[in-house]
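Mapping the sequence shown onto this note's numbering, position 107 (from 1) lands on 108, and the numbers just tick up by one.
Written out below as structure tokens is the structure these notes cover.
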Amino acid sequence: MSLPVLAQQPESNEESQKVTVQGEKVEASGAREIVAGKIILGRDWLDRAASSTVSEALRRESSVSVGSGGKISLKGLSGYTQILLDGQASTGSANPLDMHPALIERVEIIHSATADSGPFGLAGTINVVTRNRRKALPKLMNLDLDSDGKGGRANMNLQGGWREATGTVLNLTVEAKRERTSRNGDSSWFASNQHGPVSVSTESTEVKALTQTASVKGTLNWKPTQMDELQFKGSLFLIKLGQDNSSNLTSGPPFVEGGIRPDSAQFGDWQNGSSATVGAQWRHKLSNGSNWIASLDLTEEQQKQNRDANTLWSPNLSNRLSVHDDTDKHFARGRWQFALPNRAGHRVQFALSSELVTQNSDKNTIINGIAASGVQLGSYEARLWTLNNAAWLQDDWNVSETLDVKLGLRQERRTARLSEGDFFARVAANLTAPSLNLAWKLDPEGERTVTLGLARSFSTIGAAMLNPRPDIAGTSLCTPNLGCGTNDPTTPDRAGNPALRYEKGWGLDFGLESQFGKESQWSLRGYRRWINDTFAWITEREVVPWANVPRWVMRPRNAGKASAYGVTIGLDTQLSDWIEKAPELGINASLQWNQSHLSTLPGPDNRLEGQQPWSGRLGLSYKVSDKPLELQADVLINPANWWQASSDRRIYTDTWRELSAKAIWTFSPQRKLILALQNLLTSRSRKLTEFDGDPALQNATRQNSRVNLSVRFESSF
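Right under this line is the structure:
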């Protein structure tokens, strides 16, 4: 249920390294640029990061949050950060932040919201823009290998372009990745009541996963006239995922509250998916300087999922659950965008867009070799239909040489219908999202810039959030001849809520960036969010029709009002700006403080899900004299903290630290070798979950981490 955002590919030509951002007065130089409403990280910035993924490169941007495990977000709120690819939600299982930077033209960071980027990121939007397909792509090859001793990854991407004398351009990109991971740890349950301990049990866990992806993308640009340009594109994305999760009871009696702990359990999840897209775009210039763009994209996505859970209770007693889920999705996205000529500093754009998504899901559940029956567990067919229409108006106003203002208004009509047998649910909403963003240079040289953003935003409602049918936890199904196993608050059944309302809020963002010396700058950013109808996934014990005992079930609910606020300080400097004749040493650091509060939860620590109270980062880069060698090191830290997840559940997360190092050897402008080490501060990550009640429950988990070595070779032709 994501709406395409009408971002514009950069205007450029073969001779210039600059790209023009449609609707912006400022041209992106390829480095880091600030315009009204956006921070633009261009090709030069991405090249200097020497990273294997966009996510890894963004760790060195001070305005970005890096959570435990390296998860990228804005304001520490990953669930509220919108991630786009070329201005629209990515189809398939691909994450734009996992793409190789060589395939990327720029990354746009929008801390507020703009009319063209869409209103569905309450914390902000990260838009990954692929390289400009209106000119021939450079011919590049990248190979990446890494391993941590028990797992590894191999990644290859190729790209190239050809331009005819007539101006016709053909581009092709190929990418393939294979990644195997292995993690192990342990989990302990402790139950007690007013008389003392009830039971204690510990189990060892091991998770092995295999991910394989391949994609091919091609575009053809043709200019039949001087005023018209046609682009045809096609892409194919394939993915295969596999995961084995095994656990063994190592000590203590079985835990009986909410389910018996089995002697051993094994859970397997395998998915095969594919996504194919074809599209066309027509650009037409008018004699008065205005232009319009019309485009249509059609996508078909298929996913097959098989899950098997085997639970061993004793040598002669076992329980097996198999779930087969086939899903087909069809996307049709169209838009028309009209841009008026620049008049008196105003560049006005107007757009209409529509997205139709149909989804068919067939699901079958087999228990111990027999097909499950009943309303909740029997075979079913579900149909989801969504229609999202939007219109937006945006004025990029160059008030003066020092002040740029972006005014926007977006109106959306979103409708979703879900049918499953006799059940029917419908959610519809009219969403109005005004926005104001400005960038004000406090001096003619632009060494100090103030940014301000005020906008209304929303959160999307996915199909799984509406469907009341349960998704049974892997090894916990109840059967007539056996109690329920391993259904506890950490592995609950999941179900939707047809009465869910859209989450909405207002946001205010402020920033000050100042340059000093030749290559240094510092920044100060702050924000405030006011949110209504906040989403919260609540886990409670329920009497349910699919089990003979009460079950732990997780459902989304609207949990009242919330507020969030925070401050970020960043520094990017060269030692030579402080000390004359100093070595080429660069320092990149940031410190973030974030807080949020839910009105319906008791404090303290009643923050929005996943938000760290503060985090710090320090990066160093050193260029060795007389050698084509650069050394980089990065330290990330997220401190230990408590989070009040619900009225009766508190979660403690241990301190997370990460140290990584990188050596970059540049053989020539066309060839580069990169060696990288990650997770140098190897340790166990620990998490403690406490549940109030009778008995009171505690769950402690520990997971090991290992050092990862990566070797990457980049070459252009």
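Think of the CB as a built atom: it goes at the ideal place given N, C-alpha and C, for glycine as much as any other residue.
This one's a predicted model, so the numbers in the text were calculated from it and none came from an experiment.
Local Cβ density within 10 Å of residue i, reported as buried at 16 or more and exposed below that
| i | result |
| --- | --- |
| residue 712 | exposed |
| residue 63 | buried |
| residue 718 | exposed |
| residue 393 | buried |
| residue 227 | exposed |
| residue 108 | buried |
| residue 505 | buried |
| residue 167 | exposed |
| residue 675 | buried |
| residue 685 | exposed |
| residue 22 | Reliability of the predicted coordinates at residue 22 is poor, the pLDDT of 37 falling under 50, and the value obtained from them is presented with this limitation in mind. Buried. |
| residue 715 | buried |
| residue 629 | exposed |
| residue 450 | buried |
| residue 448 | exposed |
| residue 389 | buried |
| residue 76 | buried |
| residue 371 | exposed |
| residue 616 | buried |
| residue 195 | exposed |
| residue 460 | buried |
| residue 627 | exposed |
| residue 158 | buried |
| residue 252 | exposed |
Short Cβ contact (8 Å threshold) for residue i with residue j
| i | j | result |
| --- | --- | --- |
| residue 547 | residue 471 | yes |
| residue 592 | residue 584 | no |
| residue 416 | residue 362 | no |
| residue 169 | residue 222 | yes |
| residue 231 | residue 217 | no |
| residue 631 | residue 665 | yes |
| residue 621 | residue 572 | no |
| residue 614 | residue 633 | no |
| residue 61 | residue 589 | yes |
| residue 410 | residue 435 | yes |
| residue 291 | residue 342 | yes |
| residue 563 | residue 515 | no |
| residue 553 | residue 489 | yes |
| residue 293 | residue 338 | yes |
| residue 538 | residue 567 | no |
Same chain, Cβ closer than 7 Å to residue i, neighbours up to 5 away in sequence not counted
| i | result |
| --- | --- |
| residue 710 | 147, 148, 678 |
| residue 80 | 610, 611 |
| residue 38 | 111, 113, 115, 407, 438, 454 |
| residue 482 | Below a pLDDT of 50, predicted positions are generally treated as unreliable, and residue 482, at 42, falls in that range; no measurement from the model is reported. |
Residues of its chain near residue i, where Cβ-Cβ distance is below 6 Å and the 5 sequence neighbours each way are ignored
| i | result |
| --- | --- |
| residue 213 | 179, 241 |
| residue 650 | 692 |
| residue 699 | 191, 691 |
| residue 243 | 211, 271 |
| residue 304 | 274, 328 |
| residue 412 | 392, 433 |
| residue 358 | 332, 387 |
| residue 14 | Reliability fails at residue 14, whose pLDDT of 33 lies under 50, so the model's placement of it is uncertain and the value that follows must be treated cautiously. So no residue of the chain qualifies. |
| residue 518 | 578 |
| residue 687 | 655, 703 |
| residue 209 | 183, 245 |
Nonlocal neighbours in the same chain, by C-beta distance under 8 Å from residue i, ignoring five residues either side
| i | result |
| --- | --- |
| residue 8 | Reliability of the predicted coordinates at residue 8 is poor, the pLDDT of 31 falling under 50, and the value obtained from them is presented with this limitation in mind. So the list reads 85, 87, 88, 89, 109, 117, 118, 128, 130, once near-sequence residues are dropped. |
| residue 707 | 149, 150, 151, 680, 683 |
| residue 604 | 598, 645 |
| residue 457 | 114, 120, 433, 434, 435, 436, 505, 506, 507, 508 |
| residue 319 | 311, 312, 313 |
heavy atom of the ligand HEM below 7 Å from residue i C-beta
| i | result |
| --- | --- |
| residue 348 | With respect to small molecules bound, the structure shown includes none, and the ligand HEM cannot be examined in it. |
Check whether the stretch 696-706 and the stretch 171-187 touch, using three or more Cβ-Cβ pairs below 8 Å as the test.
yes
Going residue by residue through the stretch 658-710, where are the continuous beta strand (DSSP E) segments of at least 3 residues, counting only ones entirely within it?
Every unbroken stretch of the beta strand (DSSP E) spanning 3 or more residues and falling wholly within the stretch 658-710 is given here in chain order: 672-679, 685-692, 697-705.
Complete runs of the beta strand (DSSP E) confined to the stretch 84-171 [at least 3 residues]
105-111, 125-131, 141-148, 153-164
Extract the residue ranges of the alpha helix (DSSP H) inside the stretch 295-373, only unbroken runs of 4 or more that lie entirely within it.
none
Quick check: the stretch 159-166 against the stretch 134-145, are at least 3 beta-carbon pairs closer than 8 Å?
yes
For the stretch 364-380 against the stretch 405-412, do three or more pairs of beta-carbon atoms, one drawn from each stretch, fall closer than 8 Å, so that the two count as touching?
no
Counting Cβ pairs closer than 8 Å, one from the stretch 40-54 and one from the stretch 95-105, do we hit at least three?
By the C-beta criterion, the stretch 40-54 is judged to be in contact with the stretch 95-105, since at least 3 inter-stretch pairs fall below 8 Å.
Is the stretch 436-445 in contact with the stretch 69-80, if contact means three or more CB pairs nearer than 8 Å?
Too few Cβ pairs lie closer than 8 Å, so no.
Does the stretch 264-278 come within contact of the stretch 303-310, defined as at least 3 CB pairs closer than 8 Å?
yes
Quick one: complete beta strand (DSSP E) runs, 3+ long, within the stretch 440-470?
449-459
The stretch 416-429 / the stretch 379-389 touching (three or more Cβ pairs under 8 Å)
The stretch 416-429 vs the stretch 379-389: in contact.
My parser needs the beta strand (DSSP E) runs of 3 or more residues fully inside the stretch 585-619; what are they?
586-599
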